[in-house]
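Shown next, in structure tokens, is the structure this report addresses.
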Amino acid sequence: MNPTKLHFWQLTGVFVLLVIVAVGLQWHSYQVQEKNMMTQMMGQSMGNMMRTMHASNVTTAQLLTWRTENGGMGNSRQKESTESMQWMNRFTTNTIFILLPFIMAGTAFLLIVWHNLG
Amino acid sequence: MNIRFDFAIHWLFAVVFAILTISGVAMIGAGFGWLLQYDIALADYVHRIAAVFFVVLTLIYIGSEVMNDLRGNISRHRWGIFKPKKYGLFTLTTSVMLILSGAIIWGSDDTNSAAVAFAMFVHEKLTYVALAGVIWHIYQKAHALIWPRFPKEEGGATNLMLEPGFKLFIWVLVTAYFFSAAAIIISAAGPPPGNIQVRKFMAGMDQAMDSSLMGLAGKDMGVNPVIKLTPLVLVETLLAAMATSILVMWRRGNK
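Chains A and B, in that order, are what the protein sequence lines are.
Per our numbering: the first sequence = residues 1 to 118.
Per our numbering: the second sequence = residues 1001 to 1255.
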């Protein structure tokens, strides 16, 4: 074994052991429960669930068309929000959406300029 | 101590991505919520603030590389996070795709459920790919874990790599990445979540909608003028970037 990789394999060994023990204990204590529809639906990852619900049979045109939908994922809630929370929301949202075009443009520039340097 | 720009960005990027991974994994679904005790509000808050740092660091580094190319210089960033080949290119594409899909999910509003669902799916799967890439990168650079001696020629950028404190920091960071990967495998390979886990996860999501940034961002999505302006600026900056890149290529060809 390459001695410089020793610590990597030690860490891998520890975590593989951890995974085997954790998964083994989970299955050992697992009892089959009767699941309602909500549990079956939410048992998946959010990405898989959302894809099944909203994006299983969509066309590219539908993906790119932004319109008002009824009964979508409406989450316009937030019962009580402090001023600091609102400030944080404005700060994070504005920073991300102001910088996004420049990141995309910079990436496009680099990918074109770098295409024959790889 | 003289710390180089690319060295600082590299490690800051690694820390921020580790935070994003752990907080993001906790929000993947009911089977993953145990990672942060189903405190989705905390995960959401941390994830959104870390995302800002991730975006800023990405832009700073892309900006430095763009300036290098505009000046006709060859990048000398040994610790560069984005490079024209191999892992550097992989990091650039995955980072930008994570940022783009994350921005679409950001408000999760009603204007296009299909796009949000698709972005959520891509964001999740891309996280697994990026994390696998990080583990591969750790394997390639495993010599950084050697304690206390470290080959000087590899860490030539700065002698901070030889400091015991920094070595400890690297170990903590690498362990965090291994922990994230282990958490994903445990959640995916374990039994499907039962009613109790699903209820806890849904309660966590409800709490996040009510008391974290998730609910506020959704409310903000349709009215924030910055968000409405972003697509217009995006088209203009993309056109400018393409024109400039063609100019740089033409100049390079004439040399």
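Positions of the beta carbon are idealized from the N, C-alpha and C atoms, including for glycine.
*Do you know offhand how far B:I1060's Cα is from A:H28's?*
For B:I1060 and A:H28, the distance between alpha carbons rounds to 49 angstroms.
*Please decide whether B:K1167 counts as near chain A, where near means a Cβ-Cβ distance under 8 angstroms.*
No, no contact with chain A.
_For a contact defined as C-beta to C-beta under 9 angstroms, what are the partners of A:G43 on chain B?_
Contact note: A:G43 reaches chain B through G1029, A1030, G1031, P1192, P1193, G1194, Q1197, V1198, using a C-beta cutoff of 9 angstroms and chain order.
_I'd like to know whether the C-beta atoms of A:T92 and B:I1104 end up nearer to each other than 8 angstroms._
It is not a contact, given that the beta carbons lie outside the stated cut-off.
*Quick one: using the 10 Å Cβ neighbour count with 16 as the cut-off for buried, is B:A1203 buried or exposed?*
A residue is called buried once 16 or more other Cβ atoms fall within 10 Å of its Cβ, and B:A1203, having fewer, is exposed.
*Going by alpha carbons, who is nearest to B:G1063 out of A:L18, A:G24, A:P3, A:A105?*
Ranking the options by Cα distance to B:G1063, first place goes to A:A105.
*Range of the contiguous alpha helix (DSSP H) that encloses B:F1082*: Neither: B:F1082 is in no alpha helix (DSSP H) and is coded neither H nor E.
*Listing by chain order, which chain B residues have their CB less than 7 angstroms from the CB of A:W114?*
What A:W114 touches in chain B: P1084.
*Cα-Cα separation, B:A1041 to B:G1029*: A straight-line Cα-Cα distance of about 14 angstroms links B:A1041 and B:G1029.
*Could you give the distance in angstroms between the alpha-carbon of A:T12 and the alpha-carbon of B:N1254?*
C-alpha separation (whole angstroms): 50 angstroms.
*Taking C-beta pairs closer than 7 angstroms, name the residues in chain B that A:W87 reaches, listed in chain order.*
Listed by position along chain B, the residues whose Cβ is nearer than 7 angstroms to that of A:W87 form an empty set, because the closest Cβ is around 10 angstroms away.
*Let me know the alpha helix (DSSP H) ranges lying completely inside the region 1180–1249 of chain B, each 4 residues or longer, listed in chain order.*
Within the region 1180–1249 of chain B, the complete alpha helix (DSSP H) segments at least 4 residues long are 1195–1211, 1213–1220, listed from N- to C-terminus.
_I'd like to know whether the C-beta of B:N1224 is nearer than 8 angstroms to at least one C-beta of chain A._
For B:N1224, the answer is yes, since a Cβ of chain A falls inside 8 angstroms of its Cβ.
*asked:* Within a Cβ cutoff of 8 angstroms, which residues of the same chain sit near B:L1131, ignoring the five residues on either side of it in sequence?
replied: Around B:L1131: T1021, Y1177, S1180, A1181, I1184.
*Using beta-carbon positions only, say whether B:V1096 and A:T107 come within less than 8 angstroms of one another.*
Against a cut-off of 8 angstroms, the Cβ pair of A:T107 and B:V1096 comes out as a contact.
*Could you work out which residue in A:S45, A:A22, A:L18, A:V21 is closest to B:F1121 when comparing CA atoms only?*
Of A:S45, A:A22, A:L18, A:V21, the smallest CA-CA separation from B:F1121 is found for A:S45.
*asked:* I want to verify the contact list: residues of chain A whose CB lies under 8 angstroms from the CB of B:Y1139, in sequence order.
replied: What B:Y1139 touches in chain A: K5, F8.
*Are the Cβ atoms of B:L1057 and B:I1009 separated by less than 8 angstroms?*
In contact: B:L1057 and B:I1009 (Cβ atoms closer than 8 angstroms).
*Quick one: is B:E1124 buried, meaning 16 or more other Cβ sit within 10 Å of its Cβ, or exposed?*
Counting Cβ neighbours within 10 Å, B:E1124 comes out buried, since at least 16 surround it.
*Could you spell out where the alpha helix (DSSP H) holding B:K1125 opens and where it closes?*
1113–1140 is the span of the alpha helix (DSSP H), which, as asked, contains B:K1125.
*Presumed contact (8 angstroms Cβ cut-off) between A:I103 and B:V1016, rounded CB distance*: About 15 angstroms; that fails the 8 angstroms criterion.
*asked:* Cβ closer than 7 angstroms: which chain A residues qualify as neighbours of B:M1220?
replied: It should be noted that the sequence gives Asp, not Met, for residue 1220 of chain B. Among the residues of chain A, those whose CB is under 7 angstroms from the CB of B:D1220 are N89, T93, following chain order.
*asked:* Once the 5 residues before and after B:Y1087 are set aside, which same chain residues still bring their CB inside 6 angstroms of it?
replied: Excluding sequence neighbours, B:Y1087 sits near H1137.
*Provide the residue span of the alpha helix (DSSP H) that contains A:H7, from first to last.*
Membership of A:H7 in the alpha helix (DSSP H) is indicated by the continuous run 6–28.
*Distance between beta carbons of A:T95 and B:H1143, contact taken as under 8 angstroms*: Actually they do not touch by this definition, with Cβ atoms about 36 angstroms apart.
*Specify, as a first and last residue, the run of the alpha helix (DSSP H) that B:D1039 falls within.*
Unbroken run through B:D1039: none, as it is neither H nor E.
*asked:* As a quick exercise: from A:V14, A:M85, A:N48, A:L17, pick the residue whose alpha carbon is nearest that of B:A1114.
replied: The candidate whose alpha carbon is nearest that of B:A1114 is A:N48.
*Look at the alpha carbon of B:M1221 and the alpha carbon of A:L99, and state the distance between them as a whole number of angstroms.*
Taking the straight line from one Cα to the other gives about 16 angstroms.
*Could you tell me if B:S1187 is buried or exposed, where buried requires 16 or more neighbouring beta carbons within 10 angstroms of its beta carbon?*
By the neighbour-count criterion, in which a residue is buried when 16 or more other Cβ atoms sit within 10 angstroms of its Cβ, B:S1187 is buried.
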